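Engineer: Residue 150 is where the sequence shown starts when you use the working numbering, and the numbers rise one by one after that. Glycine included, each C-beta is placed from N, C-alpha and C at the ideal position. Quantities reported herein were computed from a predicted structural model and do not represent experimental measurements.
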Amino acid sequence: MTTVSVSSLVNFLNPSDQEFIARVAALRSPDVTATHPNPPHIPSPQSISEHFGRIVARWDPHPFTPQERQQIRLEGLRYLVIARQIEEVQRDIYPRQLPAEVRAQLVFARQSYMLRYFRLFRINDLPTEILGNIIRFVVWDSMKRPVDARLRITWTCHRWREIAIEDSTLSNAVWFRGSGPQLDRAWAWFERARSAPLDVRIDGEPEADDLDDEQVDTETAMTTVNLTSEPNMTDADMRQMLIRLFSKLATIRMLIVVVDDWKSALVVLELLGTFGPTSGVPM
150 MTTVSVSSLV NFLNPSDQEF IARVAALRSP DVTATHPNPP HIPSPQSISE HFGRIVARWD
210 PHPFTPQERQ QIRLEGLRYL VIARQIEEVQ RDIYPRQLPA EVRAQLVFAR QSYMLRYFRL
270 FRINDLPTEI LGNIIRFVVW DSMKRPVDAR LRITWTCHRW REIAIEDSTL SNAVWFRGSG
330 PQLDRAWAWF ERARSAPLDV RIDGEPEADD LDDEQVDTET AMTTVNLTSE PNMTDADMRQ
390 MLIRLFSKLA TIRMLIVVVD DWKSALVVLE LLGTFGPTSG VPM
């Protein structure tokens, strides 16, 4: 098998790319400090992020034809060559820094390459154990808001859905909050966790619970309490929820209950005292 260096592929780039790389290479001379007499406007990181967002939004997920796969490979290779050439110059002129426009181009080239690399990465060729470990890194809820990754993973493909549902440790962090679909999701995680140790949080506060996960202000949703609002969860709701929840009391590793009325708090204490002795859980 013949090994081809990235540097040897420069001649396969289009003329404008080769011209840019030549200007970057000229920076090796101490007398050259810029690649252009009047550098163009450098886009902000937000503009670059929005640019890549638009690219991804235009993609239609589908099995690639050999021609499409080759086209994506060539696009990725183009940006890889550009990035490597800039990095070589960066190393050669150290400790001098690259001009701002070249640094911006390096960031853009790296992101452009990685975007195409991951589009072609054969993730489903990985063993189930490795793929399961990768999925675990993205499913856990944050301390301020739930993460919908567990839900979206089951939508991706049949294999990912099987892995997510079969691995009970992916579903053993359960956050009960709000009503309707939010509670339905939480109960789905509860059932999928089976006998795995459970980390459960129940929020009975009225604020922010009716918002969709994508609409919650992560800075204020968990810290702002409107004392004039009606409780989101009544003591009757709390009783019904805990009776079902405590069917797995022996597997609950951590239980956090946040309420804003005494009736609900007393229900929690009452049911813990009732179910605790029979489940063998010390109270």
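1) Since F325 sits in a beta bridge, which residues does DSSP pair it with?
2) CB-CB under 6 Å to Q254, same chain, minus the five flanking residues each way: which ones, in chain order?
3) Reducing DSSP to helix, strand and coil, say where M403 ends up.
4) For I231, which three-state DSSP category applies?
5) What does a CB cutoff of less than 6 Å around Y266 pick up in its chain, not counting 5 residues either side in sequence?
6) Where does M403 land, buried or exposed, given buried means 16+ other C-beta within 10 angstroms?
7) Am I right that N282 and R308 are in contact with their C-beta atoms under 8 Å? What's the rounded C-beta distance?
8) Taking buried to mean at least 16 other C-beta atoms within 10 Å of its own C-beta, is I405 buried or exposed?
9) Is it right to say T214 is buried, meaning 16 or more other beta carbons lie within 10 angstroms of its own, or is it exposed?
10) Using only CA atoms, which one of L176, L421, D409, R222 lies nearest to R393?
11) Is P429 near A399, with beta carbons less than 8 Å apart?
12) Assign F339 to one of three DSSP states: helix, strand, or coil.
13) Do you know offhand how far I170's Cα is from Q246's?
14) CA-CA distance, V407 and A232?
15) By how many angstroms is the C-alpha of S196 removed from the C-alpha of V238?
16) Using 8 Å for Cβ pairs, my map puts M387 next to V416. What's the rounded Cβ distance?
17) Any idea what DSSP makes of R271, helix, strand or coil?
18) Under the three-state reduction of DSSP, which class applies to D316: helix, strand or coil?
19) Leaving out the 5 sequence neighbours to the left and right, which residues in its chain are closer than 6 Å to L474 when beta-carbon positions are compared?
20) Name the residue from R240, D352, P426 whose alpha carbon lies nearest to the alpha carbon of D410.
21) Express the C-alpha separation of R326 and F424 in angstroms, rounding to a whole number.
22) Taking 8 Å as the cut-off, decide whether the C-beta atoms of S320 and R341 are in contact.
23) Tell me the rounded alpha-carbon separation between D209 and R268.
Structural biologist: Per the coordinate set shown:
1) DSSP links F325 through a beta bridge to I351.
2) None.
3) Residue state, collapsed to three classes: strand.
4) Judged by DSSP in its simplified three-state form, I231 adopts helix.
5) Answer for Y266: G225, listed in chain order.
6) Answer is exposed; the Cβ neighbour count stays below 16.
7) Going by Cβ atoms, the distance from N282 to R308 rounds to 15 Å, so no, they are not a contact pair.
8) Answer is exposed; the Cβ neighbour count stays below 16.
9) Looking at its Cβ environment, which holds fewer than 16 other Cβ atoms inside 10 Å, T214 is exposed.
10) The shortest C-alpha separation from R393 is found at L421.
11) The question names Pro, yet the displayed sequence has Gly at residue 429. Yes. Within cutoff.
12) The answer is helix: DSSP assigns F339 an H, G or I state.
13) Straight-line Cα distance between these residues: approximately 16 Å.
14) Taking the straight line joining both Cα atoms gives about 51 Å.
15) So the alpha carbons of these two residues sit roughly 26 Å apart.
16) Confirmed, about 5 Å.
17) In the structure shown, R271 adopts coil according to DSSP, grouped into three states.
18) Correct three-state label for D316: coil.
19) This structure gives no information on residue 474, because the portion of the chain shown stretches from 150 to 432.
20) Comparing Cα-Cα distances from D410 to each of R240, D352, P426, the minimum goes to D352.
21) Cα to Cα, F424 sits roughly 23 Å from R326.
22) In this structure, R341 lies closer than 8 Å to S320 by Cβ.
23) About 12 Å.
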